[in-house]
Amino acid sequence: MLAPVVEAHARKSAASQAREWGADVKRILCIRLDNLGDVLMTTPALHALRAAQPGRHLTLLASRAGKATAPFIDAIDDVIEYDAPWVRQDAPIDALADLAMRARLASAHFDAAVIFSVYSQNPLPAAMLCHLAGIPLRLAHCRENPYGLLTDWVQETEPQHGTRHEVERQLALVARVGAKADDTRMRFSVRPADIDSLTQKLIARDVDMDAPFIVVHPGASAESRRYPVERFAETIERLGAQLEWPILVTGSRSESHLCRAACGTSPYAHDLSGALELGELAALIQRARVLISNNSGPVHLASALGAPVVDLYALTNPQHMPWQTSHRVLYHDVSCRWCYRSVCPEGHHACLVGVEVDEVVSAALELIEEEHASPVHPITQAS
């Protein structure tokens with residue numbers, strides 16, 4: 046009987062410790078230490094936090110990948126790069142760098158910190174960093190009793206009591222301190238300079254920015270989330286032959302081998318691997334008739350921009366599906382769904398291998414047909 050008593054006490058403590066932050070809480074450190082897509086899915090919560098009180102100033106503490114989003118998110122005033130050793134296995138173990146970060150945060154005199162995390166991450170190392178930096182208010186989801194490390198503790202209930210979309214999870218977190226949102230859109234503001242530079246890069250490849258085109262993104266950071274590249278190639282071959290539109294294949298420089306393989310022999314395919322900055326990639330997705338992608342950063346860009354997307358969704362995590370945009374989510378259901386692994390634990394990738402090219406082509410054509418009308422929400426462009 047001891048375990049239920051302890052659990053009930055923990056929940057009661059958590060419920061009693063989150064309270065509304067008032068007008069005196071102006072300088073807020075927003076900690077999101079994982080990937081680009083995770084930062085994008087946090088943008089509705091960031092906007093809610095900023096709008097809850099006048100004069101708020103938000104600083105994002107993010108990984109190198111996450112930091113890249115900051116210039117495109119209106120709610121963020123400043124950004125600090127930090128690859129935390131408790132989030133990334135390949136992060137450098139450097140105690141002096143961690144101490145220097147503590148000193149930097151202390152010198153900024155933040156009023157509060159919000160630690161945004163997925164439920165499999167432990168927020169307490171970040172909470173300790175903020176505690177040592179003298180940040181007086183510290184909010185996070187936490188499974189175990191944080192004692193003095195969190196002043197505002199929201200009991201972690203996932204996955205035992207169900208899971209939420211990542212956007213909903215982070216909105217619920219900031220709502221506990223009074224930051225409630227009517228507008229729950231993800232945000233990313235494309236800059237005119239990025240549109241101009243993208244236009245020049247497409248002209249150099251004989252692609253008209255104002256004519257119809259498709260974007261295909263065959264990469265993903267985790268191997269378990271990659272649709273077979275030969276099926277991307279077949280998809281591109283068939284859509285190119287049917288529509289006679291340019292098909293622009295995107296990826297990082299390190300993904301150039303995937304992009305070349307995805308292009309195959311199609312005369313309509315253009316390899317843009319390593320050619321685009323983040324803002325240019327967003328401008329490209331914003332204007333695409335459809336994006337076809339593994340469940341990766343570009344899918345979350347499409348959600349933020351209101352672009353239609355065919356999401357080839359490996360069943361690793363149910364929380365990262367497209368948000369408030371026209372979409373088709375394709376997968377083959379398997380008994381090992383929601384494995385939360387970066388490498389398929391069964392070795393068969395059946396949740397993606399089971400998706401046929403016919404399904405991908407049909408989904409793309411359906412979305413193209415539907416998108417003669419305006420997008421789900423207005424496109425946001427920075428000045």
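So the sequence shown is residues 46 to 428, counted in our numbering. For glycine and all other residues, C-beta sits at the position ideal for the given N, C-alpha and C. A quick note: this is a predicted structure, and the numbers were derived from the prediction, not measured.
Host beta strand (DSSP E) of residue i (start-end)
i: Ser338; result: Val335 to Asn339
i: Thr208; result: Where Thr208 is concerned, there is no enclosing beta strand (DSSP E), given that its DSSP letter is neither H nor E.
i: Val431; result: This structure does not reach residue 431, given that the chain is present from 46 up to 428, and the question cannot be answered.
i: Leu177; result: Unbroken run through Leu177 is the alpha helix (DSSP H), Leu169 to Leu177; no beta strand (DSSP E).
i: Arg72; result: Arg72 to Arg77
i: Val355; result: Val354 to Leu357
i: Val163; result: Note, Val163: premise wrong, no beta strand (DSSP E); not H, not E.
i: Tyr377; result: The question names Tyr, but residue 377 is His in the sequence shown. First-last for His377: undefined, no H or E at that position.
i: Pro262; result: Residue identity differs from the one stated: residue 262 is His in this sequence, not Pro. Run containing His262: Ile259 to His262, per the beta strand (DSSP E) assignment.
Per-residue DSSP class, three states only, for residue i
i: Val400; result: coil
i: Gln369; result: coil
i: Glu416; result: coil
i: Gln200; result: strand
i: Arg232; result: coil
i: Val406; result: helix
i: Val219; result: helix
i: Arg64; result: coil
i: Pro237; result: helix
Cut-off 7 Å between Cβ atoms - residues of its own chain near residue i, not counting five sequence neighbours on either side
i: Val421; result: In this prediction, Val421 has a pLDDT of 44, which is less than 50 and means its spatial position is unreliable; what the coordinates show is noted afterwards. Hits under 7 Å: Gly351, Gln369, Thr370 and Ser371.
i: Pro257; result: Trp290 and Arg334
i: Arg270; result: Asn339, Asn340, Ser341, Ala359 and Thr361
i: Ala48; result: Only weak support exists for where Ala48 lies, its pLDDT of 42 falling under 50; the coordinates are left without a value.
i: Phe277; result: Val261, Pro263 and Ala307
i: Arg93; result: Per the sequence presented here, residue 93 reads as Ala, with Arg not at that position. Result list for Ala93: Leu216, Val219, Ala224, Lys225 and Ala226, in chain order.
Spatial neighbours of residue i in its chain, beta-carbon cut-off 6 Å, leaving aside the 5 residues before and after
i: Glu279; result: Val402
i: Arg26; result: Summary: the structure shown does not reach residue 26, with the chain confined to residues 46 through 428, and so no result is reported for it.
i: Gly82; result: Gly342 and His345
i: Leu272; result: Inspection of the sequence shows that residue 272 is occupied by Tyr rather than by Leu. Hits under 6 Å: Asn339, Leu357 and Leu397.
Run of the alpha helix (DSSP H) containing residue i, from where it starts to where it stops
i: Ala286; result: Val274 to Leu288
i: His345; result: Gly342 to Leu350
i: His186; result: Counting along the chain, His186 falls outside any alpha helix (DSSP H), though it belongs to the beta strand (DSSP E) covering Leu182 to Cys187.
Cβ-based neighbour list, residue i, same chain, cut-off 8 Å, excluding 5 preceding and 5 following
i: Gln364; result: Val163, Thr208, Arg209, His210, Glu211 and Arg214
i: Phe233; result: Leu85, Thr88, Thr114, Phe117, Ile118, Ala327, Leu346, Ala349, Leu350 and Thr425
i: Arg109; result: Glu126 and Asp128
i: Ala238; result: Gly324
i: His102; result: Lys71, Arg72, Ile73, Asp122 and Asp123
i: Glu201; result: Tyr164, His186, Cys187 and Arg188
Touch check for the region 361–379 and the region 236–250: three-plus C-beta pairs under 8 Å?
These segments do not touch.
Minimum length 3: unbroken beta strand (DSSP E) runs contained in the region 89–157:
102–107 and 123–126
State whether the region 339–346 contacts the region 312–320, with contact taken as three or more CB pairs (one from each stretch) at a distance under 8 Å.
no
Please confirm if the region 74–83 is in contact with the region 159–175, defined as three or more CB-CB distances below 8 Å between the two stretches.
Here the region 74–83 makes contact with the region 159–175; the two share three or more CB pairs at distances below 8 Å.
Would you mind listing the alpha helix (DSSP H) stretches within the region 283–322 that are 4+ residues and don't spill past its ends, in chain order?
Here the runs fully enclosed are 301–308.
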